[in-house]
Each structure stands twice: as structure tokens, then as C-alpha cells.
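Residue numbers (our numbering): 116 to 289. Here a beta-carbon is modelled for each residue, glycine too, at the ideal position from N, C-alpha and C. A short write-up of the structure that comes next.
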């Protein structure tokens with residue numbers, strides 16, 4: 116039995132909405148991946164001096180605002196935090212995703228740094244260990260990636276997407 120034009124239109128709309136939701140979820144997974152990669156990338160060189168002053172601890176970065184905390188104490192935003200925020204907000208705009216749809220966008224970095232003895236005083240290089248956790252939460256899903264960088268050697272330790280659609284708690288989604 117063929118569909119009438121109204122039914123075809125409704126099916127096409129439902130399909131388009133489904134594709135849009137799938138693409139949005141893929142984009143959110145991409146965001147947490149990029150939060151970690153950007154922090155560990157070349158632009159962190161602009162914050163080497165500040166990281167050397169802190170030496171180690173936990174950094175928390177609110178990706179929506181670039182607000183930073185070191186070991187629970189607010190600090191002046193790192194340049195990399197502002198870079199990640201600017202990229203994220205621009206990407207949300209490009210993807211037509213409203214900021215209000217994001218309940219939390221955070222990067223947590225457990226770190227240890229020391230000065231590379233071969234570096235200069237004006238532009239210090241650092242030896243580092245960064246254990247990054249990128250988190251993005253919407254009303255119904257939490258996206259997470261754990262990423263590690265040790266002196267430039269990088270690997271993903273865990274990536275997950277957890278939906279809370281089902282009653283009684285969260286379960287990993289496929």
C-alpha cells in the first residue's frame with residue numbers, strides 16, 4: 116500500500132530528525148575528544164610558564180566560560196582554556212547547537228610538569244604528564260573521554276557515552 120504525500124512528508128521529517136539526533140550525539144563525542152587533544156597540543160606552549168609555577172595538581176576548566184581552578188582554587192584562565200572555549204562555542208554555532216542544550220562542558224587535567232633542562236629561560240619547554248578527562252553533559256546523555264599525554268606520547272584510555280533515558284539510572288549506550 117503506497118504512502119500518501121502527507122505520510123511521506125511525516126516519514127521524511129521523522130527520518131531527518133533521527134539523522135540530526137545521531138549527528139548531534141557524534142558531535143558531542145567529538146567535542147570531548149577535542150577538549151583533551153587541544154589541551155595536550157602545541158598551543159599549551161603558551162601556558163608552560165604558568166604550569167611550571169603550579170608544578171602539579173588538578174586543573175578544572177569550565178569549557179563554556181574558560182574559568183579555571185587549580186586544586187580547587189580559582190585561578191586566572193589559562194590561554195589554552197580560552198582557546199578551547201572559543202573553538203567550542205564557534206563549533207556549537209556552526210553545528211546549530213544551542214548553548215542552553217549543554218548542561219556541563221568540563222575538562223579535568225591531573226598533571227605533573229618539570230622544566231626540560233635543554234630549554235631556554237625565555238621559552239621553557241616542559242616534561243609533562245597530563246591525564247585529561249573531557250566531559251560534556253546534556254539533559255539526557257553524558258559524554259566522557261579519558262586521554263593521557265606523557266611528553267607528547269598520547270593515548271585514549273576510555274571513551275563512553277551514557278544515556279539516562281531508561282528509568283532507574285544510567286546505562287552505556289551503543
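{"Query": "Where the alpha helix (DSSP H) through residue 165 begins and ends", "Result": "163 to 169"}
{"Query": "Same chain, Cβ closer than 6 Å to residue 272, neighbours up to 5 away in sequence not counted", "Result": "261 and 263"}
{"Query": "Per-residue DSSP class, three states only, for residue 244", "Result": "strand"}
{"Query": "With 16 other Cβ atoms within 10 Å as the buried cut-off, status of residue 189", "Result": "exposed"}
{"Query": "Residue 209 at chain C interface by Cβ criterion, 9 Å", "Result": "Of the protein chains in this structure there is only one, and it is not chain C."}
{"Query": "Proximity of residue 223 and residue 243 at Cβ, strictly below 9 Å", "Result": "no"}
{"Query": "Given residue 192 as reference, the closest of 182, 200 and 198 once Cα atoms are compared", "Result": "182"}
{"Query": "Cut-off 7 Å between Cβ atoms - residues of its own chain near residue 186, not counting five sequence neighbours on either side", "Result": "172 and 173"}
{"Query": "CB-CB length for residue 199 against residue 245, believed under 8 Å", "Result": "Their Cβ separation, rounded to whole angstroms, is 13 Å, which puts residue 199 and residue 245 out of contact at 8 Å."}
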